[in-house]
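What follows is a set of notes on a single structure, which appears directly below.
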Amino acid sequence: DGLRAAGHDVTAAVAYRTVLRVPGDRGLASIDAADAVVFASGSAALGWAEALGDRAADALPPMVVAIGPTTADAAADAGLAVTHVASDHSLVGVIDTVITAWSSAAD
30 DGLRAAGHDV TAAVAYRTVL RVPGDRGLAS IDAADAVVFA SGSAALGWAE
80 ALGDRAADAL PPMVVAIGPT TADAAADAGL AVTHVASDHS LVGVIDTVIT
130 AWSSAAD
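Residue numbers (our numbering): 30 to 136.
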């Protein structure tokens, strides 16, 4: 909006979108058996909360990793507790955070 107000032509490009998928019985069983969940975007955290409704916070496994602070904030706003935030906000950073957290939990 600011760029348009300054007289610039702006073309919005959607790089990805999160599609809500409400899990069935099989998906819920997988969630219940999970040891960790990773939120790679704020919209994924919001999707989790929306898809699982009142059960969303209780369905989280003991380890919940966010790709970065913005995603962690979105999860918190949705009532979801994040246990770890990747310091490197990339796929490699998330994987490293899961490995480190998993190793620490095993000790």
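Cβ coordinates follow ideal geometry from the N, Cα and C atoms, glycine included. Computed from a prediction, not measured in an experiment: that's the story for all the values here.
{"Query": "Chain-order list of residues whose beta-carbon lies under 7 Å from that of Ala-74 (same chain, five-residue window excluded)", "Result": "Phe-68, Thr-100, Ala-103, Ala-104, Ala-107, Leu-109"}
{"Query": "C-alpha distance - Val-48 paired with Gly-31, whole-angstrom precision", "Result": "28 Å"}
{"Query": "Inside the segment 75 to 134 only - beta strand (DSSP E) runs reaching at least 3 residues", "Result": "92 to 95"}
{"Query": "Whole-Å CB distance - Ala-80 paired with Arg-55, under 8 Å assumed", "Result": "Rounded, the Cβ-Cβ distance is 14 Å, inconsistent with contact."}
{"Query": "Cα-Cα separation between Asp-117 and Pro-91, rounded to whole angstroms", "Result": "21 Å"}
{"Query": "Given Ile-124 as reference, the closest of Ile-60, Ala-86, Val-39, Ile-96 once Cα atoms are compared", "Result": "Ile-96"}
{"Query": "7 Å Cβ cutoff, Asp-64 in contact with chain D", "Result": "Within the model displayed, chain D is absent; a lone protein chain is all it includes."}
{"Query": "Between the CA atoms of Ala-86 and Ile-60 - distance to the nearest angstrom", "Result": "12 Å"}
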